[in-house]
Amino acid sequence: MTLHPGIAAKLAATADHAVETLCPRCGAPVLTARAGRVAALDVVADVEPITVTEEILALLAGRLTWHLITGALGTRRITWRGATHIRAGPARHPVLADHTCPPQPVQGRLL
Ligand SMILES: [Zn+2]
Numbered sequence: 011m012t013l014h015p016g017i018a019a020k021l022a023a024t025a026d027h028a029v030e031t032l033c034p035r036c037g038a039p040v041l042t043a044r045a046g047r048v049a050a051l052d053v054v055a056d057v058e059p060i061t062v063t064e065e066i067l068a069l070l071a072g073r074l075t076w077h078l079i080t081g082a083l084g085t086r087r088i089t090w091r092g093a094t095h096i097r098a099g100p101a102r103h104p105v106l107a108d109h110t111c112p113p114q115p116v117q118g119r120l121l
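Residue numbers (this note's numbering): 11 to 121.
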């Protein structure tokens with residue numbers, strides 16, 4: 011089945027809209043989106059924006075960071091935040107980090 015070109019265009023235009031949901035593994039609130047138009051990535055990010063220090067720690071841990079852009083109509087989009095954005099100075103939008111589930115408790119440590 012092929013989508014009507016108009017519907018496909020609308021789907022593509024809204025793919026990077028942030029959707030709040032719960033992480034299926036740990037239950038934490040997360041934002042999901044398909045960021046990018048050419049080589050899109052499925053993003054699952056923590057909902058709370060991070061500070062500059064937290065971004066450095068996230069990047070050192072191998073996590074990607076993202077801009078959360080809120081449009082004039084309140085639509086939220088997740089977009090790529092790369093080295094060029096980071097070098098440009100303070101972020102103009104809230105910065106989110108990829109979600110990572112907290113470590114699971116080990117049975118032996120509880121006792
Ligand atoms: Zn999780």
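Each residue gets a CB set at the ideal place from its N, CA and C atoms; glycine is no exception.
One or two residues paired with residue i in a DSSP bridge
i, result
"Ala55", "Leu41 and Asp108"
"Arg87", "His27 and Ile79"
"Leu32", "Pro39"
Distance CB(residue i)-CB(residue j) smaller than 8 Å
i, j, result
"Ala107", "Ile60", "yes"
"Thr75", "Leu69", "yes"
"His27", "Arg86", "yes"
"Glu30", "Val54", "no"
"Trp90", "Ala49", "no"
Residues near residue i by beta carbon distance below 7 Å, same chain, minus five either side
i, result
"Ile112", "The question names Ile, yet the displayed sequence has Pro at residue 112. Closer than 7 Å at Cβ, skipping near neighbours: Cys36."
Nearest neighbour of residue i, chosen from the options [CA to CA]
i, options, result
"Thr94", "Ala50, His77, Ala38 and His27", "His77"
"Leu51", "Ile88, Ala98, Gln114 and His103", "Ile88"
"Ala71", "Thr110, Gln114 and His14", "Thr110"
"Thr80", "Pro104, Val40 and Ala38", "Pro104"
6 Å CB neighbourhood of residue i in its chain, flanking five on each side removed
i, result
"Arg73", "Ala107 and Asp108"
message = So if I measure from each beta-carbon to every heavy atom of ligand 1 and keep distances below 6 Å, which residues remain?
response = For ligand 1, the selected residues are Cys33, Arg35, Cys36, Ala38, His109 and Cys111.
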